[in-house]
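Report on one structure; see the data block that follows.
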Amino acid sequence: MNIVFEYKNRRFTDFLNILEEYSPSEFDSPYRSTVPFLQYWRDTGRRLTEFVNLMALNVPPKATLSFEHRVAPPKGKGNSSQTDLMILTDQYAVGVEAKYTEPRYQTVEKWLGTSSNKRSVLEGWLDLVRSVHEKMSIRVEDILDLPYQLIHRCASVCSHTGNIRIIVYQCFDVDEKKSEYYRGHLNSLKKRLGSPTNLWFMLVNHPLLKSDKYSELQLLWDNGKRRMHEKVLNILRNAAICEFRKPDVTIL
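Given below as structure tokens:
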């Protein structure tokens with residue numbers, strides 16, 4: 014399999030070069046989802062094959078793995094959506110968002126407020142979502158209770174060509190309560206979009222077998238230590254974060 018690597022839409026030769034592009038602040042906490050996420054995708058060829066098999070898709074001869082993939086809002090003035098990983102092939106586009114210990118994200122209603130510019134930005138994202146199916150109908154008022162992040166991540170996937178677009182929450186060791194929280198949002202958006210056959214939603218939860226070194230760093234954090242990026246990066250560079258058990262997979 015031929016794999017092309019990108020970080021923030023710029024091409025790189027391999028995964029390890031990309032790892033060094035992340036800001037050290039991304040690793041200040043050992044609880045950031047970035048940590049197990051990058052450990053997982055380090056062995057890119059094997060992991061891509063595993064991930065594609067989870068979705069019952071064909072392994073592509075060529076794929077672009079675009080980390081921190083940016084898509085600018087087509088309307089209004091706002092920040093680009095920055096998906097943790099976009100997998101791009103000739104047949105499908107997969108947007109992967111990592112979840113570990115993150116707090117709940119802001120809803121569309123709270124983010125939107127009364128700003129006319131933000132409404133334009135949101136309409137632009139929805140235009141991208143509507144573009145995947147001519148009969149799809151979704152309005153701002155239909156999504157006010159959903160996380161704003163989910164909407165622009167969905168739009169980012171829909172901005173790419175392909176027979177199928179897939180939005181994946183890749184979770185690490187989340188409990189059933191949090192799994193249900195994420196699953197509920199994905200399922201709710203799918204239903205409000207009319208359950209399109211060419212836009213899939215998927216939840217993957219990887220149980221972790223943490224290394225002693227990683228567990229020690231989390232304990233240090235629990236006891237008040239901060240700015241731990243040097244220690245976290247050290248074990249991440251040495252692939253010493255954890256092992257991944259068989260994941261629980263829900264395709265919605």
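Number 192 in this note's numbering belongs to position 179 of the sequence shown; there are no gaps in the numbering.
The beta-carbon is built from N, C-alpha and C at its ideal position, and this holds for glycine as well.
- Taking the CA atoms as reference points, residue 84 sits about 21 Å from residue 50.
- For residue 133, no beta strand (DSSP E) encloses it; the enclosing alpha helix (DSSP H) starts and ends at 129-143.
- Residue state for residue 94 is assigned as strand, using DSSP reduced to three classes.
- Rounded to whole angstroms, the gap between the alpha carbons of residue 187 and residue 44 is 12 Å.
- Taking 8 Å as the cut-off, the Cβ atoms of residue 216 and residue 201 do not count as close.
- Short of 6 Å from the beta carbon of residue 73, and not among the five residues preceding or following it, lie these beta carbons of its own chain, in chain order: 102.
- Segment contact: the segment 210-227 against the segment 172-181, three or more CB-CB distances shorter than 8 Å; contact assigned.
- For residue 46, the closest alpha carbon among the candidates 233, 196, 219 is that of 219.
- Between residue 76 and residue 61, the C-beta spacing is below 8 Å.
- In this chain, the alpha helix (DSSP H) harbouring residue 63 covers 57-67.
- Here the C-alpha atom of residue 92 lies approximately 7 Å from the C-alpha atom of residue 86.
- Residue 126 and residue 109 have their C-alpha atoms spaced approximately 28 Å apart.
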